[in-house]
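Protein chains in written order, with the working numbering: chain A, 1 to 314; chain B, 1001 to 1314. We put the beta carbon where it would ideally sit given N, CA and C, even for glycine.
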């Protein structure tokens, strides 16, 4: 095991997967493209905050490290392990862009991955625990000195297999990102609002609804925002992680901890998440997310704000 | 056949069903309560416009005419036919409040209903063709002199059985209200945005997404608004018609035809629809819709506006 060189202090640390994906959708297909939760999260967040470090494992065959560098992302937490990179193959049907149908998963070097944070990362103010084994998420959290805000994502696989550990983690983090189905399954509630009420506690819970946007519980208030309407969901892979990258990237850009965040700031953060997810799905892989400029983001955020503004009361 | 007395000029005419419903939901049940598309539409719209006339058929057993009068709704277009009122029984499961499961339908006097508009109704500026047989909808439209705006609702039943007639009607109206599934089925498109693009033409198409809000195509622009988050969808019956009542009621309150409506006004109309639907589902039948005050509506609209406002850009 070795690391890419030159560890530096960062503001946001993300731990998650880096993968090589092969994807089919009604709009075409793409083979062996960059993927993984840490990839999407960090690229999205890099548009809002330029001090991001990635903790993940790749194989010696991984050809996309330059992608991270092109976005100014620190890869000294990326472990290069002898062997092959995690590979995922999946497809989407037109009638349900929210549902990824897995065709194969080869964990490869990801299998035995035990995250070990470079020393300068341990001082980071913001931490995002992307969807991996809750035991590893806990491990990473324990290595951090005193993060101001910790975000967490998970998936049904862990909800079924490591429920207790997941609940323990819930109490240790500040922002939980869940799909609607996951929120319902975790709580046993059939209504999303009830599910939110059941787990909200002193945290922000952001429930992702795919093409229907999101519903968030924040300091006792529940708010819904629609998705930005995209004509073609070319490849929905990574939308959730790009969403989280937008949220936490924006929060990091304004600074401070949970106490300091106002509701309007949280809403704006979710709006950034919404916009990042909308760019993400416009191309296969993180291609579109890599291309967009500050101007593109500003313009789409304004369009979104305009779309949900009811205009002046006559 | 006879009519209730005293026909007067009205601003909005709605033609649809008036029914006696029996409903079960995870929150309880209610027997023999007022229902039907014309009922929900007119009560919702009556909060925004006080000149509404209802065209529908009821049996001699219908005990709820006072409900309409209590909201200032003209019932001279309501035909009282010897026999029993249309009855519908249905239920909702907690995991899908958008789906009404029909337990029985007894058309009764609704079966042979041929709408015949009182003369003063024929001058109305706004017409809403609630979900009934497209042949009857066309019939009613032909009786109108020169309505400024015509709204239309339909359901999968007619999409399957009277597709051509429905498409003909589409070209004769200004606002089409559809459920998401219906919009997809009509166009054969699997994506809602594509479905909107396929039928938008020179009309407003409002696609109702239940707990996920709405997506609207208006003068070439597509906008999404979320639903107002309601903790308990006690009885979703009538939500779609209350929604349309809010939209058309607001449009009638500002006056004018399609050309004059600005995008911000259309959005505000959809917001009123959203709010009316949210009140509708908070009780069995139109009970809550009957109770609400101008102040309740104003407050909830402000809350909704606040919910989707991202606050000042820092």
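What are the residues that DSSP puts in a beta bridge with residue i?
i                       : result
residue 1034 of chain B : B:1020
residue 78 of chain A   : A:56
residue 978 of chain B  : Only positions 1001 to 1314 of chain B appear in this structure, which leaves residue 978 of chain B out of reach.
residue 1315 of chain B : In the structure as shown, chain B starts at 1001 and stops at 1314, and residue 1315 of chain B therefore has no counterpart that could be examined.
residue 1013 of chain B : B:1053, B:1127
Does the beta-carbon of residue i have 16 or more other beta-carbons within 10 angstroms, so that it is buried, or is it exposed?
i                       : result
residue 1108 of chain B : buried
residue 1063 of chain B : exposed
residue 1011 of chain B : buried
residue 208 of chain A  : buried
residue 1167 of chain B : exposed
residue 1 of chain A    : Because residue 1 of chain A sits at a pLDDT of 47, beneath the cut-off of 50, its placement in the model cannot be relied upon, and the following sentence gives the value as read from the coordinates. Exposed, because fewer than 16 other Cβ atoms sit within 10 Å of the Cβ of residue 1 of chain A.
residue 37 of chain A   : buried
residue 1267 of chain B : buried
residue 1131 of chain B : buried
residue 1142 of chain B : exposed
residue 1029 of chain B : exposed
In angstroms with no decimal places, state the Cα-to-Cα distance between residue i and residue j.
i                       : j                       : result
residue 295 of chain A  : residue 1294 of chain B : 43 Å
residue 1078 of chain B : residue 210 of chain A  : 44 Å
residue 248 of chain A  : residue 1277 of chain B : 34 Å
residue 300 of chain A  : residue 275 of chain A  : 7 Å
residue 222 of chain A  : residue 216 of chain A  : 6 Å
residue 1025 of chain B : residue 44 of chain A   : 42 Å
residue 244 of chain A  : residue 1288 of chain B : 38 Å
residue 146 of chain A  : residue 127 of chain A  : 10 Å
residue 1200 of chain B : residue 1193 of chain B : 10 Å
residue 1117 of chain B : residue 1279 of chain B : 30 Å
residue 75 of chain A   : residue 15 of chain A   : 11 Å
residue 1314 of chain B : residue 1031 of chain B : Because the pLDDT at residue 1314 of chain B is just 43, under 50, the model does not fix this residue reliably, and the point stays unresolved.
residue 144 of chain A  : residue 95 of chain A   : 42 Å
residue 229 of chain A  : residue 1306 of chain B : 21 Å
residue 1235 of chain B : residue 1304 of chain B : 21 Å
residue 13 of chain A   : residue 1104 of chain B : 58 Å
residue 119 of chain A  : residue 187 of chain A  : 37 Å
residue 1163 of chain B : residue 1152 of chain B : 14 Å
residue 283 of chain A  : residue 50 of chain A   : 23 Å
residue 256 of chain A  : residue 58 of chain A   : 32 Å
residue 262 of chain A  : residue 1261 of chain B : 35 Å
residue 87 of chain A   : residue 22 of chain A   : 8 Å
residue 1298 of chain B : residue 19 of chain A   : 51 Å
residue 1070 of chain B : residue 1124 of chain B : 21 Å
residue 1310 of chain B : residue 224 of chain A  : 11 Å
residue 1286 of chain B : residue 1092 of chain B : 16 Å
residue 1156 of chain B : residue 1195 of chain B : 15 Å
Which of the three DSSP states, helix, strand or coil, is assigned to residue i?
i                       : result
residue 1119 of chain B : helix
residue 297 of chain A  : helix
residue 227 of chain A  : coil
residue 153 of chain A  : strand
residue 1233 of chain B : coil
residue 1218 of chain B : strand
residue 1040 of chain B : helix
residue 8 of chain A    : coil
residue 1309 of chain B : coil
residue 135 of chain A  : helix
residue 127 of chain A  : strand
residue 238 of chain A  : coil
residue 201 of chain A  : coil
residue 29 of chain A   : strand
residue 1303 of chain B : helix
residue 69 of chain A   : helix
residue 114 of chain A  : coil
residue 1170 of chain B : helix
residue 164 of chain A  : helix
residue 1100 of chain B : coil
residue 1001 of chain B : With a pLDDT of 47 at residue 1001 of chain B, under the threshold of 50, the modelled position of that residue is not reliable, and no figure is offered here.
Could one say the Cβ of residue i lies closer than 7 Å to chain C's Cβ atoms, at least one of them?
i                       : result
residue 1148 of chain B : Included in the structure are the protein chains A and B, with no chain C among them.
Using only the heavy atoms of the ligand COA, determine whether one of them is closer than 6 Å to the beta carbon of residue i.
i                     : result
residue 10 of chain A : Looking at this structure, you won't find the ligand COA or any other ligand, since it has none at all.
- [ ] Could you please tell me which residues of the region 1222 to 1246 of chain B, in chain order, have their CB closer than 7 Å to any CB of chain A?
- [x] 1222, 1223, 1224, 1225, 1226, 1227, 1229, 1231
Task: Residues within the region 1297 to 1313 of chain B neighbouring chain A, beta-carbon criterion of under 8 Å - done: 1305, 1307, 1308, 1309, 1310, 1311, 1312, 1313
Task: Contact residues within the region 80 to 98 of chain A, judged by C-beta distance below 7 Å to chain B - done: 94, 95
Task: the region 261 to 286 of chain A: positions lying closer than 9 Å to chain B by Cβ - done: 262, 263, 264, 265, 267, 268, 270, 271
Open item on the list: At a CB distance below 7 Å, what residues from the region 171 to 201 of chain A approach chain B? Give them in sequence order.
Closed with: 190, 191, 193
TODO: Check distances from the C-beta atoms of the region 1202 to 1214 of chain B to those of chain A and list, in chain order, the residues that come in under 8 Å.
DONE: Listed in sequence order: 1209, 1211, 1212, 1213.
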